[in-house]
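There are 2 protein chains.
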Amino acid sequence: MATHGKRTKIEDIRRIELIAAAHRVFLEHGLHGMTSARICREAGMSPGILAYYFKGKDEVLFGMVRYNNRLLMEDVIARLKAARTGWERLEAIVEGNFPASAFTQPIANAWLSVCAEAGVNPQYARLQRLFYRRLRSNLASVFEEMAAESRLREAGFIIAALIDGLWLRKAAADDLGRDEAIALVFGGIRSLMTNGEEQRLRHPEG
Amino acid sequence: MATHGKRTKIEDIRRIELIAAAHRVFLEHGLHGMTSARICREAGMSPGILAYYFKGKDEVLFGMVRYNNRLLMEDVIARLKAARTGWERLEAIVEGNFPASAFTQPIANAWLSVCAEAGVNPQYARLQRLFYRRLRSNLASVFEEMAAESRLREAGFIIAALIDGLWLRKAAADDLGRDEAIALVFGGIRSLMTNGEEQRLRHPEG
DNA sequence: CAGAATCTTGTATGAGCGTACAAAAATCTT
DNA sequence: AAGATTTTTGTACGCTCATACAAGATTCTG
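In order, the protein sequences belong to chains A and B. If you count the first sequence from 1, position 8 lands on -8 in this note's numbering, and the numbers rise without skipping. If you count the second sequence from 1, position 205 lands on 189 in this note's numbering, and the numbers rise without skipping.
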């Protein structure tokens, strides 16, 4: 306290508190249920406070997405740094796509609500890109690094879609857990990587 | 006109017209953009007409989903009847999951908006189940029929998730066409079905 | 055609939302 | 402590939406 370096300003504190509250509300009620009033109540503040610290609700929204991405990425970045083999990198990224305590139905739904709104509101489309590329682009890069054949780039495409599909299923049916989801992804990876070009399914036309 | 058998009542006509209009609005504007006023305008009627023929907006919504499922199923059912081999059945179902002129970004988004709302509103959850199982259950049955090994049931799970993931990607990035999507699914099917149990990816732990 | 039944319109009402803002409370400055 | 500044509150306005409803238009019936 002897230092007279800049103390953390109240403005920053409040902004972070509000964004964290917005994040909690978002995960519980989805994008549509994330109202200004609810955010303020969740943060234990008065309804009007939001307009004082933010230009509008959109600013809170974008801040919330950045906050969310930071939370998601922290774990993965640490594991990626420690990873030595390509396989370890792949493991880190795949498991990072299913965060330990975040693969739940409400969160899957919240995530989907952003995707859904992106089609109508172009501003949400930017937001969507941030969400969509959380860890996906890393996945693609590792995949290409592990095997640069053009055929395996298709495989990366398939695995990315598989991961999304499992989240979608989590949101819709909620009939699988985190470990099962990860096992399915690695099952898909195994099949795709051990398969040669020449193999074909028996097929009437062939 | 000589017959005095029941003529199609106006009530039925209007209900169908309104549901069809609701369907068009839904595909263009998503669930959230499907307002009563827009539905009536799309149907060329007065704003208040909806309350006369339906108990509420929910009734229109459910009718719209049934209408949608009927449209989707008609083509598939016809192809399934004509199919002789298991492969043909599989083709019919997979391609039925990507209807010729319906694999578009707006439609993908509209579909997602139902999934997203299902997590918050329990009434939409029922709706979601109808949507989700459109063709999925058929897929599973054909998969199990073609090869009843328990390992391939997992494969059916993966393929179903893959299909959903491709729709999600369509909504989010819109960077693939119908043919590419179908090709990717069959690529996944090929890999999964030609792979034996014993094969494993080289892995430090193994 | 007259009267009844049905269908359609346009508008009104109330709820929920984002946002603006005046006033109150708290904090800082001298 | 007194005034200035920052922070917080509570409320009010304008907007969009679902729904209800009175009044008008149309069709049916005798």
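A virtual CB, placed ideally from N, CA and C, is assigned to each residue, including glycine.
DSSP places arginine 117 of chain B outside any alpha helix (DSSP H), giving it a letter other than H or E. Going by C-alpha positions, leucine 64 of chain A is about 47 angstroms away from methionine 48 of chain B. In the three-state scheme derived from DSSP, where H, G and I count as helix and E and B as strand, lysine 41 of chain B is classed as helix. Isoleucine 143 of chain B counts as buried, since no fewer than 16 other beta carbons sit within 10 angstroms of its beta carbon. With three or more CB-CB distances shorter than 8 angstroms, the stretch 0 to 9 of chain A counts as touching the stretch 22 to 31 of chain A. Rounded to the nearest whole angstrom, the CA to CA distance from asparagine 122 of chain A to glycine 40 of chain B is 47 angstroms. Each residue's CA atom was taken as its position, placing arginine -1 of chain B and serine 85 of chain B some 25 angstroms apart. Membership of arginine 162 of chain A in the alpha helix (DSSP H) is indicated by the continuous run 162 to 178. Pairwise C-beta distances place the stretch 96 to 111 of chain B in contact with the stretch 141 to 159 of chain A, as three or more of them are shorter than 8 angstroms.
Isoleucine 166 of chain B is a Cβ neighbour of valine 78 of chain B, given a cutoff of 8 angstroms.
For phenylalanine 87 of chain B, the three-state secondary structure derived from DSSP is coil. Taking CB atoms only, leucine 150 of chain A has a neighbour in chain B less than 8 angstroms away. For glycine 14 of chain B, the nearest CB of chain A lies under 8 angstroms from its own CB, placing it at the interface with that chain. Secondary structure at glycine 80 of chain A: helix, using DSSP grouped into helix, strand and coil.
Assignment of serine 121 of chain B by DSSP, reduced to helix, strand and coil, places it in the helix class. Counting only the Cα atoms, isoleucine 147 of chain A lies some 44 angstroms from isoleucine -3 of chain B. The C-alpha of tyrosine 36 of chain B is placed about 37 angstroms away from the C-alpha of tryptophan 95 of chain A. In the three-state scheme derived from DSSP, where H, G and I count as helix and E and B as strand, aspartate 159 of chain A is classed as coil.
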